[in-house]
Structures are given as C-alpha cells and as structure tokens.
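Numbering (my numbering), first residue to last: 1 to 513.
And the structure:
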C-alpha cells in the first residue's frame, strides 16, 4: 500500500485536495473540528464561475486580469476561469446547494469589478459555510482520508534537500506528531490575523508561509494584502464582514450626512475594485465624515432573508439593517501573496505543495477579483492532487510514518506583544502606507522575530515579509498603496526569499543607523 500524502490545513483547499486524491491514502491535519474555524467557512459572497448564458470563461479571465493591476499571470488566470465550471459541477455533485432560479438553473449574482453576473452563492451570505459543510461530510465518508484534529503546523521535516513531512503540535499542549510522507501539502490559510482589524479567524496568522520561508521557499508578492472595504465597525474582533454582494444588490456607501461616498471616485461607484473602495472608505473615516453601508432601500425589507449572516451580526450590535445605516471600515481580508507555486501547486522546495490562500499562483496579481478565492482553492486543489498523483506514481512507493512526540506547553502567546504587532501592522502596513511608516514597522517587528515564543515569532516573520516587500516596492499598485509613491512604476512581480529581503534591507538599515 502506498504511503499517505500529508495535508496540513483543513479549509476548502485542503478538503478539496484530499477528496481529489482519493482513493490514495491521505492524512489530513486540522487545527480544530473538521469544517470549522477556517476562513473558507466565513466566506459570504460565493464562488465566481462563467456559467450564465451571457458569460464565457474568457470574459471572466479578462475581469480577473484587469482587477489584478498588471501583475496577474495570464496563463494562471485563463486556466482558473476555464476550469471553473467543471469545479462548480464537482461541488454540486458533492451536495453544495447553490441558489437556483425558478427553472432550476444556477442563479449567479454580480459583484464588484465583474462584467457579468457570475457569483454563485448559498442563502445570500452563507456560501462558505455551506460549501465547507458539504465537503466535510464528504471527507468523513471517504475511508482513504485519516483525520487528525487539534494539531497546528510547527515545522517541516526536510532531509536530503527534500520536504518529507511535517511536525505538528497539539493546540492543548498534548502530544505532538512527526508525520513523514512522500508529498506534503500546505493549506494553512492566510495572514489576516496579523492586523488589528480583520475579517479572518484568529488562526489566520501566516504560520505556513513563515515556516516555508524560513526553509528558503520562494515567496511571491507578499506586500499585496487586500483590505475588504465593508467590515462592520461594531467593536468585534474579528470584524464581521458585510459581503460585497450587498452592494451588488443595490446597497450603497454613504457618509454620516448621506453623501454617496463613491460619487466622483470611480465610474463604477460602489462596485469599483476593492482597493479603490477601501481607500475611499478609509479617507471618509479619517476626515470625520464616517462611512456607512445603506441597505434600507435595497435589499430593504428582504435583508434578513437574503443576507442572514450580516443581519444577525448587525442585530447583535443593536442595528436593524432595514432601518439603520451600518458603520463600516476596511479590514484585512485576503493575501494575494504567499508561497510561490507553479500551475500545479508545486513550490520551490521539492516534496512540498501549497494550495489555497497560503499559495501564490499568480491569479490575483495586485488585487483579487471578488469571489475568486474559493474558486482558486478548488481549481488549484484539483490540479495539485493530479500532479501529486503523477509524481508519486513515477517515483513508486515511499515510506510514511507517524511518530508521537512528548507533550509540550499549550499553544499560547503573549497577548500584549501580539496586540502590539497587530497594531503596528494596522497603522503602518495597512490600507495606505509610506516609506517612513514601513521602516518604523520593520524596526518594531524585528525584535519579535527572535523571541522564544513560537507563535509570536511566526507572526513576526510573516509580518516582516509583508512590510519589507512593501518598503522595497516604491510605487502604488492594487492593494499596495504608498502615499509617498502614489504613481505606478513598471509592472513586476516580487519573487523573493526571506534571506533576499533581509539582504536587500541592509543598505537602508546602515544608512538609517
């Protein structure tokens, strides 16, 4: 019998990759109960795919490339959009109950920067939850998948220049595990938890990205962080998301005095690209005008029915979206950067694949098109599974084993230090940046990278990747906006390593010293 493939992370990308590998044995490591706690389960809007009668994959690809502000890898985007309808069919076969019209056909809606209605949702704003529930149920029915819950990635096992598994540690301080495998897949999610205001779950701290970077993996475009313009500003951490689909259904952004916030900012008004809307919202807040989502006319009385998740979050704060303006603010939402991969999820480290938000496939460029994130997870999850199958077939059987490690301390960290790091990232590496602030952020982050606390050190390493690349990119493009460098320069992707970034900063640090 062949040795199991190891998948660390159980969001949509991890689950879909595991299902596509069946009947090959898989060990799936989840930090919590299967199907819960991943950012995928929190996704509201849906999954983009050209399934409408007036739509085509090439039109979807053109919108994806346009949104990416010059940095999208053309081949990756066209592949993503061409394979989207087939992956939607896979999800339907797995039981995902996408919204349908009266004739039984899939009923797509429109979101910002899409030229067509192509976003497939479930219950208005419960798309991610529904998809994850369907896939988790399918995983539990798949005998070739062994599920290990309550374990977090601690390190990669590398021998002979090849990744041969991973060390995971118990969240509660119980025994850890050393798991060897012929192929290892990181599906550990994004980095939103590095920022003080985020729509991501608490575990989204970039651990997979940081650990791969420490081992010399090539990292792509780490400076590009997408800030969702409409997180509900109601004092919760993480901040509840007010899905973009609300604006697709007619809700508008206004200031406290009722002025249309996007009037004169962009021809597409409230459906402009996310980076444009996020900066406009932030500017209104800083100017004292406030920023609010007005859904009183549309969706209006149907708000609770069509967008139950947003309605419940607002109601918990004492707001009725059918009668009240909803205060909003930009929040760290998605990382366009990550571990650089090819079109089949391979990283620069032999034996290691990456899928989902931890990976940088090139499809998002400098600014992700709305509802392409869940799509990327399933398209490239399927491609990674196929590539792993071919690779292991060519190399033949390989050994795999699970070794129990002594118990360690519970996964915990210094809340004061973590709060300081998140505040630094929010204030200095946020929606609007400048060279002075980025240099100050790096000075504050530096000492946190060398401490004994593994959680804080991983967060700080990840924060370093983002801030350092942002300082070195002396232009504004997509989700990376420099107030001191507001114009775009030559279009170029950042393909780098942690060591290369450290070396590139040395001359600046010497001058500053």
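No residue lacks a Cβ here, since even glycine has one placed at the ideal position from N, Cα and C.
Relative to residue 418, the option among 203, 347, 380, 126 whose CA is nearest is 203. Restricting attention to 66, 388, 92, the CA atom closest to the CA of residue 122 is found in 92. In the DSSP annotation of this structure, residue 196 is not part of any beta strand (DSSP E), being labelled neither H nor E. Secondary structure of residue 62 (DSSP, three-state): helix.
In the displayed model, residue 302 falls within a helix according to three-state DSSP.
Unbroken alpha helix (DSSP H) stretches of 4 residues or longer found wholly inside the region 356-402: 373-395, given in chain order. Among the bridge pairs identified by DSSP, residue 338 is matched with 220. Annotation: residue 202 is outside any alpha helix (DSSP H) and is labelled neither H nor E by DSSP. Non-local beta-carbon contacts of residue 378 in its own chain, meaning distances under 8 Å to residues more than five positions away in sequence, involve 12, 13, 16, 47, 87, 90, 91 in chain order. The region 247-295 contains, as complete beta strand (DSSP E) runs of 3+ residues, the segments 252-254, 292-294 (chain order). Uninterrupted alpha helix (DSSP H) stretches at least 4 residues long and entirely within the region 16-54 occur at 39-42, given in chain order.
Looking at the DSSP output, residue 480 bridges to 477. Less than 8 Å separates the beta-carbon of residue 358 from that of residue 188. Under the 8 Å Cβ criterion, the region 233-252 does not count as touching the region 54-69, having fewer than three qualifying pairs. By the C-beta criterion, the region 359-371 is judged to be in contact with the region 271-278, since at least 3 inter-stretch pairs fall below 8 Å. Residue range 162-170 is occupied by the beta strand (DSSP E) that includes residue 165, with no alpha helix (DSSP H) assigned at that position.
Beta-carbon to beta-carbon, residue 458 and residue 196 are separated by about 18 Å, too far to satisfy the 8 Å threshold. Beta-bridge partners assigned by DSSP to residue 352: 184. Contact between the region 98-109 and the region 143-157 is not established, with fewer than three Cβ pairs separated by less than 8 Å. The beta carbons of residue 7 and residue 225 sit no closer together than 8 Å. With fewer than 16 other CB atoms across the displayed protein chains lying within 10 angstroms of its CB, residue 390 is exposed. Taking the CA atoms as reference points, residue 481 sits about 19 Å from residue 264.
In the DSSP assignment, residue 234 falls outside any alpha helix (DSSP H) and carries neither an H nor an E. For residue 75, the enclosing alpha helix (DSSP H) begins and ends at 74-93. Under the DSSP definition of a beta bridge, residue 119 partners with 48, 109. Taking a contact to require three or more Cβ pairs closer than 8 Å, the region 273-293 and the region 245-262 qualify as touching.
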